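The structure appears right after this line, and notes come after that.
In our numbering, the protein residues as written are 1451 to 1625.
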């Protein structure tokens, strides 16, 4: 936060968003965010999006919707969802971890460039859709751990939005 107000950390191009899209090229290079989004047109079978829909769910839960996606979705013998990108397979938390690592890197770069800190970002509060169940929240926590983060808290997205707008500091009001 800056002066007690939440702020958005932007990349070098001024973009404040990191699309939750991951792509793997033929050499195994992983792309995250806007670059992966650009690859949706040229390499749709190697680019995954909407991974939240698979978090904490088994293959039997998602097989119907998976058939409409351009990337490969399968299950292992235990029923765990596997997402195929080229010759590699990932679980949904592993895909989410790529996005979280990018956010972690962006935060570290921001603090280093600002000159305030030169440290590793190792803790995070992560937001999830309000409808996420315990298994989906656990999968999100696992993604944070895979990204090298201690997940301090999982917060519903509507609650996070209210906190960002300072609604927790108001005694009364209409929202």
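All residues carry an ideal CB built from backbone N, CA and C; glycine is no exception.
All figures in this text were calculated on a predicted structure; none of them were measured in a lab.
If residue i sits next to residue j, beta carbons under 8 Å apart, how far is it from one beta carbon to the other, in whole angstroms?
i            : j            : result
residue 1497 : residue 1490 : 5 Å
residue 1577 : residue 1610 : 4 Å
residue 1423 : residue 1523 : One cannot answer for residue 1423 here, as it falls past the ends of the chain, which runs 1451 to 1625.
residue 1571 : residue 1558 : 5 Å
Taking 8 Å as the limit between beta carbons, can you name the residues of its chain near residue i, skipping five residues before and five after?
i            : result
residue 1590 : 1505, 1506, 1543, 1546, 1576, 1578, 1582, 1601 and 1604
residue 1503 : 1512 and 1515
residue 1520 : 1494, 1495 and 1497
Which residue marks the beginning of the alpha helix (DSSP H) containing residue i, and which one marks its end?
i            : result
residue 1491 : 1484–1492
residue 1517 : Per DSSP, residue 1517 belongs to no alpha helix (DSSP H) and is neither H nor E.
residue 1545 : 1542–1564
residue 1503 : Segment: none, residue 1503 is in no alpha helix (DSSP H) and carries neither H nor E.
For the beta strand (DSSP E) containing residue i, name the first residue and the last one.
i            : result
residue 1534 : 1531–1535
residue 1524 : 1522–1525
residue 1600 : 1600–1606
Report all residues from its chain with a CB closer than 7 Å to the CB of residue i; omit the five preceding and five following residues, and keep chain order.
i            : result
residue 1537 : none
residue 1487 : 1469 and 1471
For residue i, which residues from the same chain have a beta carbon less than 6 Å from its beta carbon, with the 5 sequence-adjacent residues on both sides left out?
i            : result
residue 1606 : 1580
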